[in-house]
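**Q**
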């Protein structure tokens with residue numbers, strides 16, 4: 005049975021566990037956030053740092069995936085300075101020659117001439133050497149001057165560009181033209197090479213070889229490029245970069261790029277074409293079209309498994325065509341189109357404040373990207389036609405102030421996300437004749453004006469169409485949808501004054517189900533704080549119920565049966581007819597007295613008193629949960645039974661042995677003895693209950709009886725009367741007798757004697773007094789000092805007078821303890837008499 009102290013300890017432990025768990029969840033929520041928005045139908049998709057605030061006027065990324073490295077940034081700045089210093093040393097009409105710039109790698113300069121340079125020129129100047137295994141090792145940097153041409157054709161060959169801790173080679177055309185090519189069946193392979201490791205340079209922190217054109221033209225055909233570039237876009241691997249005076253241009257046909265910093269990078273280009281090829285495993289974007297690029301065409305190219313976006317078009321670029329491309333498995337978006345203006349107002353750089361326009365994504369496959377399939381941010385006249393967008397977190401997201409975005413004849417699915425979402429100020433958007441399946445919501449419109457028409461929608465689990473905020477002028481017409489969820493068209497959150505047309509839609513296949521399993525399964529994911537409140541409120545309640553499970557309920561008996569108590573303590577003498585609970589004279593249940601446990605041996609502090617007459621606990625000691633049982637009456641040495649204790653309520657004769665009013669006394673009931681130390685043998689003095697080896701508590705002087713019928717007061721002499729003569733040693737005074745042969749009166753009622761002690765149950769003589777004479781029996785209640793012959797009675801003034809006890813006092817000077825005695829017992833065995841049934 006769980007004790008009170010143990011139950012409190014368990015309660016505190018469960019409460020502490022709940023609080024610690026709640027704090028842990030709260031701290032984790034604040035530090036790491038939650039995996040899903042609190043309301044997926046309102047909160048937009050996650051936005052990357054660069055997409056929200058890209059670095060203006062620079063192609064250097066500002067992204068959490070590439071932490072700032074001052075060493076690499078300084079290398080890029082030093083390269084720019086050396087490039088312009090080297091260009092300044094080119095003299096027109098001169099032959100190829102070496103130029104040494106302090107702190108730079110040796111560079112071979114190719115000045116302008118009518119005929120193009122080729123591989124033989126590079127080998128003759130020592131820029132490239134042929135190795136024994138047939139590969140080409142580029143040991144010096146090469147700079148193609150303004151007006152010069154370089155045609156490096158080496159089908160089936162491998163060009164290794166030196167790159168390592170000692171420095172790295174570069175291949176740059178500065179306002180010149182450069183062609184790198186192989187054949188369709190035998191491409192030219194270009195890679196970085198660390199001679200100290202005899203392997204490609206896999207550590208870009210100290211710089212790495214790259215290929216770039218500045219304000220010129222560069223064409224690549226049938227080339228495989230691997231492990232090129234570092235840090236910035238212009239040094240990212242293969243880069244076309246122009247200037248305000250002259251845009252760069254060129255093409256890449258059948259070019260495969262693996263493991264570059266950027267796969268392809270273009271900045272201030274015009275008419276750049278990337279046709280065919282595969283770009284994968286880039287550190288940053290697969291294909292990055294940066295500011296002021298116009299007319300770029302991406303056709304039949306694949307971009308996958310890149311560190312950010314498959315294809316990224318940054319602000320300032322416009323008229324970009326993306327056709328028949330495949331983007332998959334990228335860490336962010338498949339296609340990202342950013343048409344926001346480079347400047348928001350007057351600026352020193354003279355940047356435009358107009359939104360970029362003219363974006364087309366046609367017949368492409370965008371699958372399995374970590375965030376969105378296609379993300380359009382602030383771009384005007386973006387057109388998405390006949391694309392397959394599937395298995396992304398969200399399908400197509402259009403946000404920001406845009407104009408004329410069109411989605412037509414696409415197949416879009418996004419399990420667990422939005423198929424199409426148009427938000428934050430888009431105007432005149434069109435979602436027409438698309439096949440949309442397997443998503444939370446097919447089309448969501450939030451604070452935008454959109455026409456949704458002719459779409460086939462199926463497999464939604466929230467809504468077919470959701471309209472939120474100010475969407476005045478939007479329309480939902482001639483659609484057909486099949487699915488189940490809270491509603492087919494959600495217009496409960498539409499802004500005031502907004503008019504939305506809903507006409508001609510086929511809603512027969514939609515099942516309104518607010519309690520569907522998928523909705524409930526996603527409830528915790530969408531409301532993560534529910535788990536926190538569950539732990540705070542439910543766990544302590546469950547612990548409280550667990551603790552109270554063994555406690556008796558209302559109306560149940562609070563004690564174990566007598567047989568169980570006897571079996572636990574070894575009291576084989578308990579009769580089966582013994583009552584489990586003491587009865588009062590009126591027939592009711594006498595309240596059980598409990599006492600604090602005495603301290604174990606060796607403990608400091610005062611010893612606690614155990615309740616006399618209580619059954620021991622499981623360890624054999626008196627316990628607070630044990631049931632009080634009846635004790636036999638102790639007889640005097642002469643064989644006569646003692647007078648039963650009288651009640652302290654002032655009424656004489658209302659002892660525990662008195663039957664209820666109106667009933668005749670029945671036959672005497674044989675009482676049951678239990679003292680916690682075994683039955684007291686004849687001739688053995690009474691023993692106080694002990695626990696844990698604690699010494700028995702000494703009894704205190706009892707109250708001296710005063711006037712007849714009143715309790716005595718310690719220190720006051722008894723009333724006037726003839727003192728009794730000395731009693732014989734070992735013979736206590738007659739119980740209940742008073743001078744003159746009259747029974748002591750209490751409240752004017754005669755006191756009735758109790759049931760006599762059965763034969764054979766007589767008690768032994770009392771403990772020996774200091775004067776050598778035998779006193780009366782020990783005081784079982786511990787409240788009075790044993791009296792008898794040879795002992796000074798308090799208040800009588802006669803030593804060993806053998807004075808008859810007054811009311812409420814036992815023979816030998818002991819006070820009787822009635823059933824209404826409020827003071828806790830002080831030790832010894834308590835006599836409890838139960839009236840006969």
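Residue numbers (the numbering used here): 5 to 841. Where is the CB? At the ideal position from N, CA and C, for every residue including glycine.
(1) Skipping 5 residues on each side, what residues in its chain have a beta carbon closer than 7 Å to that of residue 128?
(2) For residue 549, count neighbouring Cβ atoms within 10 angstroms of its own Cβ and tell me buried if that reaches 16, exposed if not.
(3) If you follow the alpha helix (DSSP H) that residue 232 is part of, which residue opens it and which one closes it?
(4) Taking only the alpha-carbon atoms, compute the straight-line gap between residue 132 and residue 140 and give it to the nearest angstrom.
(5) Which first and last residues belong to the beta strand (DSSP E) in which residue 325 is found?
(6) Can you have a look at residue 119 and say buried or exposed, based on whether 16 or more other CB atoms are within 10 angstroms of its CB?
(7) What's the gap between the Cα of residue 283 and the Cα of residue 495?
(8) Would you report the Cα separation of residue 142 and residue 163, rounded to the nearest angstrom?
(9) Helix, strand or coil: which one does DSSP assign to residue 47?
(10) Within its chain, find whatever has a CB closer than 6 Å to the CB of residue 256; leave out the 5 residues flanking it on each side and keep chain order.
(11) Decide if residue 489 is buried, meaning its Cβ has at least 16 other Cβ atoms within 10 Å, or exposed.
(12) So for residue 24, helix, strand or coil by DSSP?
(13) Measuring straight from C-alpha to C-alpha, what distance separates residue 485 and residue 418?
(14) Please name the residue in 423, 477 and 82 whose C-alpha comes closest to that of residue 463.
(15) Report the residue from 545, 151, 373 and 226 whose alpha carbon sits nearest the alpha carbon of residue 189.
(16) What's the call for residue 448, buried or exposed, on a 16-neighbour Cβ count within 10 Å?
(17) For residue 150, which option in 222, 416, 467 and 124 has the closest C-alpha, if you only look at C-alpha atoms?
(18) Hey, out of 75, 351 and 17, whose CA is closest to residue 212's CA?
(19) Would DSSP call residue 547 helix, strand or coil?
(20) Go through its chain and collect everything with a Cβ distance to residue 250's Cβ below 7 Å, but skip five positions before and after it.
(21) DSSP three-state call for residue 185: helix, strand or coil?
(22) Take every Cβ of the segment 356–364, pair it with every Cβ of the segment 384–399, and state whether three or more of those distances are shorter than 8 Å.
(23) Just curious, the beta strand (DSSP E) that residue 174 is in, first and last residue?
(24) Straight-line CA distance for residue 234 to residue 165?
(25) Assuming the contact rule is C-beta atoms closer than 8 Å, residue 372 and residue 333 should be a hit. Round their C-beta distance to whole Å, please.
(26) Would you kindly report the start and end of the unbroken alpha helix (DSSP H) that includes residue 78?
(27) List the whole-angstrom C-beta distance separating residue 331 from residue 314, where the pair is believed to meet the contact cut-off of C-beta under 8 Å.
(28) Decide if residue 790 is buried, meaning its Cβ has at least 16 other Cβ atoms within 10 Å, or exposed.
(29) Residue 280: which of 295, 245, 327 and 236 sits nearest, CA to CA?
(30) Going by Cα to Cα distance, which pick from 369, 391 and 453 is closest to residue 409?
(31) Using the Cα positions of residue 553 and residue 23, report the straight-line distance between them to the nearest angstrom.
(32) What distance in whole Å lies between the Cβ atoms of residue 137 and residue 167, which are believed to be in contact at a cut-off of 8 Å?
(33) Since residue 125 is in the alpha helix (DSSP H), which residue starts that stretch and which ends it?
(34) Give me the Cα-Cα distance between residue 845 and residue 352, rounded to the nearest whole angstrom.
(35) Under 9 Å, do residue 270 and residue 248 count as touching if we go by C-beta distance?
(36) Compare the Cα-Cα distances from residue 317 to each of 306, 308, 301 and 309 and report the closest residue.
**A** On the basis of the supplied data:
(1) For residue 128, where only same-chain residues beyond five positions count, there are no Cβ hits under 7 Å.
(2) That one is exposed.
(3) Residue 232 -> no alpha helix (DSSP H), and no H or E assigned at all.
(4) As the crow flies, the alpha-carbon of residue 132 is around 6 Å from that of residue 140.
(5) That run of the beta strand (DSSP E) goes 324–327.
(6) Taking all protein chains in view, the Cβ of residue 119 is surrounded by fewer than 16 other Cβ atoms within 10 Å, so the residue is classified as exposed.
(7) Whole-angstrom Cα-Cα distance: 44 Å.
(8) Residue 142 and residue 163 have their alpha carbons spaced roughly 7 Å apart.
(9) Interpretation of residue 47 is limited by its pLDDT of 37, a score under 50 that renders its predicted location unreliable; no figure is taken from the coordinates.
(10) Contacts found: 224 and 278.
(11) Here residue 489 is buried. Its C-beta has 16 or more other C-beta atoms within 10 Å.
(12) In the structure shown, residue 24 sits in a helix (DSSP, three-state: H, G or I).
(13) Cα-Cα distance, rounded: 16 Å.
(14) Nearest to residue 463 by C-alpha distance, out of 423, 477 and 82, is 423.
(15) Nearest of 545, 151, 373 and 226 to residue 189, Cα basis: 226.
(16) If you draw a 10 Å sphere on the C-beta of residue 448, you find 16 or more other C-beta atoms in it, and that means buried.
(17) Distance from the Cα of residue 150 is smallest, within the candidate group 222, 416, 467 and 124, for 222.
(18) The residue with the shortest Cα to Cα distance from residue 212 is 75.
(19) In the structure shown, residue 547 sits in a helix (DSSP, three-state: H, G or I).
(20) Taking C-beta separations shorter than 7 Å and ignoring five residues to either side along the sequence, the partners of residue 250 in its chain run 179 and 219, following chain order.
(21) Residue 185: strand per DSSP, three-state reduction.
(22) The answer is yes - the segment 384–399 touches the segment 356–364, with three or more Cβ pairs under 8 Å.
(23) Run containing residue 174: 174–178, per the beta strand (DSSP E) assignment.
(24) A straight line joining the alpha-carbon of residue 234 with that of residue 165 spans about 14 Å.
(25) Confirmed, Cβ separation roughly 5 Å.
(26) Under the DSSP assignment, residue 78 falls in the alpha helix (DSSP H) whose first and last residues are 74–91.
(27) About 3 Å; that satisfies the 8 Å criterion.
(28) Per-residue confidence for residue 790 stands at a pLDDT of 44, beneath the threshold of 50, marking its modelled position as unreliable; no derived number is given.
(29) Cα-wise, what sits closest to residue 280 is 327.
(30) It is 453 whose Cα lies nearest to the Cα of residue 409.
(31) For the pair residue 553 and residue 23, the Cα-to-Cα distance works out to about 23 Å.
(32) No, residue 167 and residue 137 are not in contact; Cβ-Cβ is about 18 Å, not under 8 Å.
(33) That run of the alpha helix (DSSP H) goes 123–128.
(34) The chain is shown from 5 up to 841; residue 845 falls before or after that span and cannot be answered.
(35) Contact flag unset, no.
(36) The candidate whose alpha carbon is nearest that of residue 317 is 301.
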